[in-house]
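All residue numbers for the sequence shown refer to our numbering, where the first residue is -14 and numbers rise by one.
Okay, so here's the structure we're looking at.
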Amino acid sequence: MNDVSNATSRTPLPAQLRIVGWPDPIIDRLGFPPHHPYSELVWLPATGPAATLAWRRLAQLLEHSPDGFDLDVAQFAQDLGLGVGTGGHSIISRTLRRLAMFELAIFVDEQTCAVRRRIPPAPARHLRRLSPHLRRIHTALLASHDNERLGRERAAESTSLRRWA
-14 MNDVSNATSR TPLPAQLRIV GWPDPIIDRL GFPPHHPYSE LVWLPATGPA
36 ATLAWRRLAQ LLEHSPDGFD LDVAQFAQDL GLGVGTGGHS IISRTLRRLA
86 MFELAIFVDE QTCAVRRRIP PAPARHLRRL SPHLRRIHTA LLASHDNERL
136 GRERAAESTS LRRWA
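In structure tokens form, the structure reads like this:
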């Protein structure tokens, strides 16, 4: 993949950006869906409000368009309250570069951006910066999410075994 998204790039965004899912079997299995409060409570202090909201919106749109979609960049920026500019120094450009910096998205080329469909558990370097209160929330949300995931996996296995019985 071409690293169009490096942090020093100030290339203006195209008017239309193709958004596709960024498949990752591990994060797709272990990560949190876009509507889960984990992205806001745990990731927002690291990524910031604009990037968190942009990721959530893009990931939700991918749920409805799993094969990807064309994004009107200026309209998306305006819909998020980030103005309408798409130049290299615009808020939406900085926001999308921030998603790439935190590995929630990657620019495949100048016209295509792959976005994670789920947000991964926060890495230790982010957790160290959280308040003790938010670290406790992270631990509780992670435990609850793991228990729910394990329950779904066991139910799926049980259903699969019954079909063979």
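A virtual CB, placed ideally from N, CA and C, is assigned to each residue, including glycine.
Contact under 8 Å by Cβ, residue i with residue j
i: Gln1; j: Asp52; result: no
i: Ala99; j: Val93; result: yes
i: Thr97; j: Ala39; result: no
i: Leu(-2); j: Val58; result: yes
i: Ala35; j: His111; result: no
i: Gln45; j: Pro19; result: yes
i: Pro65; j: Arg83; result: Looking at the sequence provided, one finds Leu at residue 65 rather than Pro. No, the pair does not count as a contact, with Cβ atoms beyond the cut-off.
i: Val5; j: His123; result: no
Option in the options with minimal Cα separation from residue i
i: Ser129; options: Pro(-3), Arg102, Arg3, Phe17; result: Phe17
i: Leu89; options: Pro108, Ser75, Ile122; result: Pro108
i: Glu48; options: Leu126, Arg110, Arg103; result: Arg103
i: Leu119; options: Arg83, Gly72, Glu25, His20; result: Glu25
i: Arg3; options: Leu127, Trp28, Gly66, Glu95; result: Glu95
i: Leu126; options: Leu46, Pro106, Pro117; result: Pro106
i: Ile77; options: Tyr23, Gly33, Asn132; result: Gly33
i: Pro22; options: Arg134, Thr37, Gln63; result: Thr37
i: Asp13; options: Ser116, Arg113, Arg101; result: Arg101
i: Leu29; options: Arg(-5), Phe87, Pro10; result: Phe87
Boundaries of the beta strand (DSSP E) in which residue i is found, first to last residue
i: Asp9; result: Unbroken run through Asp9: none, as it is neither H nor E.
i: Ala109; result: Not the beta strand (DSSP E): Ala109 falls in the alpha helix (DSSP H), residues 109 to 112.
i: Phe92; result: 90 to 94
i: Val100; result: 97 to 100
Assigned secondary structure, residue i (DSSP; H/G/I helix, E/B strand, else coil)
i: Thr(-4); result: coil
i: Leu84; result: helix
i: Arg103; result: coil
i: Leu2; result: strand
i: Ser(-10); result: Note that Ser(-10) scores 43 on pLDDT, short of 50, meaning its location in the model is unreliable; the coordinates nonetheless yield the value given after this. Coil, per DSSP.
Residue-chain proximity (residue i, chain B), Cβ-Cβ < 8 Å
i: Leu81; result: In the structure shown, chain B does not exist; there is a single protein chain.
Fill in: Ordered list of beta strand (DSSP E) runs contained in the region 30 to 82, each at least 3 residues
Listed in chain order, the beta strand (DSSP E) elements of length 3 or more contained wholly in the region 30 to 82 are 54 to 57.
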